[in-house]
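Peer 1: Residue numbers (numbering that gives the first Met the number 0): 0 to 158. Note that CB positions come from ideal geometry on N, CA and C, so glycine has one too.
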Amino acid sequence: MIRTKLLYAALIVVLSLFFVLYRGNLSLELLIFGLALPVILWLMLLRLRFALKISLFHSKEPILKGQIYQWSIQVRNRSFLSTAHARVTVEYRNSLTDQPTELTLELPVLSHNTQRLRLAFHAVTCGVMQIRVKKFVIYDPLRLFRRTIRLSLHDTIVI
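1) How many Å lie between Leu27 and Val12 at the Cα?
2) Around the Cβ of Ala9, are there at least 16 other Cβ atoms within 10 angstroms (buried) or fewer (exposed)?
3) Kindly indicate the opening and closing residues of the alpha helix (DSSP H) around Ser26.
4) So the candidates are Ile158, Arg145, His153; which of them puts its Cα closest to the Cα of Arg46?
5) Check this for me: beta carbons of Ser81 and Leu109, under 8 Å apart or not?
6) With a cut-off of 8 Å, do at least 3 Cβ pairs link the region 33-48 to the region 92-107?
7) Under 8 Å, do His153 and Arg131 count as touching if we go by C-beta distance?
8) Residue ranges of each beta strand (DSSP E) run of no fewer than 3 residues wholly in the region 127-153, ordered along the chain?
9) Could you tell me the alpha carbon to alpha carbon distance between Asp139 and Cys125, rounded to whole angstroms?
10) Would you call the CB atoms of Thr155 and Val127 closer than 8 Å?
11) Taking 8 Å as the limit between beta carbons, can you name the residues of its chain near Thr3, skipping five residues before and five after?
12) Using DSSP bridges, identify the partner residues of Arg86.
13) In whole angstroms, what separates the C-alpha of Glu90 from that of Ser71?
14) Less than 8 Å between the CB atoms is what I'm expecting for Phe135 and Ile53, so what's the real figure, rounded?
15) Within this structure, are the beta carbons of Asn76 and Ala50 separated by less than 8 Å?
16) Do Gln73 and Thr113 count as a contact pair if the criterion is CB distance below 8 Å?
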């Protein structure tokens with residue numbers, strides 16, 4: 000993300016030099032567009048943040064040892080805005096080891112759509128599996144800005 004910001008700053012410098020060295024309306028229009036674009040992207044990201052609804056669920060059938068079970072993270076977008084860069088951080092733990100394992104996944108968030116991210120696990124031993132969705136981060140299309148959505152979604156399965 001820092002590299003993207005540095006490249007965009009270099010673009011603004013080039014557009015400024017182009018404005019100084021070139022006579023005409025095109026150089027001014029390009030400079031205004033280059034300066035207004037980050038503001039537009041930030042406002043779009045802010046709008047997208049409040050249009051997302053994130054939920055966590057699993058199938059309600061009993062899970063036996065040796066079976067495959069899955070959790071689903073559902074992301075519902077109610078706006079016309081979308082992003083190709085979204086990152087969800089999930090932490091799961093088994094009652095036997097009690098060591099949390101963190102998992103970071105990337106997914107696109109499409110406009111007026113619902114995405115489901117399925118996490119499949121294999122039950123090797125009996126016990127309790129817990130999962131927690133810690134945070135959901137969305138980025139603008141140029142990856143200049145990001146918005147973090149703090150979540151406290153958690154679920155427990157008894158095997």
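Peer 2: Reading from the atomic positions:
1) Within the sequence shown, residue 27 is the residue found at index 28, counting from 1. Within the sequence shown, residue 12 is the residue found at index 13, counting from 1. Whole-angstrom Cα-Cα distance: 13 Å.
2) Mapped onto the sequence shown, residue 9 falls at position 10. Ala9 comes out exposed.
3) The residue given as residue 26 occupies position 27 in the sequence shown. Per DSSP, Ser26 belongs to the alpha helix (DSSP H) from 24-50.
4) For the purposes of this step, residue 46 is taken as residue 47 along the sequence shown, with counting starting at 1. Minimum Cα distance to Arg46 is reached at Arg145.
5) Here residue 81 is taken as the residue at index 82 of the sequence shown, counted from 1. Here residue 109 is taken as the residue at index 110 of the sequence shown, counted from 1. In contact: Ser81 and Leu109 (Cβ atoms closer than 8 Å).
6) No, they do not touch.
7) On the sequence shown, residue 153 is found 154 positions in, with the first residue counted as 1. On the sequence shown, residue 131 is found 132 positions in, with the first residue counted as 1. Yes, the pair counts as a contact, with Cβ atoms nearer than the cut-off.
8) Taking only runs of at least 3 residues, the beta strand (DSSP E) segments lying wholly in the region 127-153 are 127-138.
9) Against the sequence shown, residue 139 aligns to sequence position 140. Against the sequence shown, residue 125 aligns to sequence position 126. C-alpha separation (whole angstroms): 43 Å.
10) In the sequence shown, counting from the first residue as 1, residue 155 sits at position 156. In the sequence shown, counting from the first residue as 1, residue 127 sits at position 128. Result yes, Cβ atoms of Thr155 and Val127 sit closer than 8 Å.
11) Residue numbering aside, residue 3 sits at position 4 when the sequence shown is read from its first letter. Excluding sequence neighbours, Thr3 sits near Leu141, Arg142, Leu143.
12) Taking the sequence shown and counting its residues from 1, one reaches residue 86 at position 87. DSSP lists Glu105, Val136 as partners of Arg86.
13) On the sequence shown, residue 90 is found 91 positions in, with the first residue counted as 1. On the sequence shown, residue 71 is found 72 positions in, with the first residue counted as 1. Here the alpha carbons of Ser71 and Glu90 stand approximately 14 Å from one another.
14) Your numbering for residue 135 matches position 136 in the sequence shown. Your numbering for residue 53 matches position 54 in the sequence shown. The Cβ separation is near 6 Å, so the contact holds.
15) Position 77 of the sequence shown, counted from the start, is the residue given in the question as residue 76. Position 51 of the sequence shown, counted from the start, is the residue given in the question as residue 50. Going by C-beta atoms, Asn76 is nearer than 8 Å to Ala50.
16) Position 114 of the sequence shown, counted from the first residue, corresponds to residue 113. Position 74 of the sequence shown, counted from the first residue, corresponds to residue 73. It is a contact, given that the beta carbons lie within the stated cut-off.
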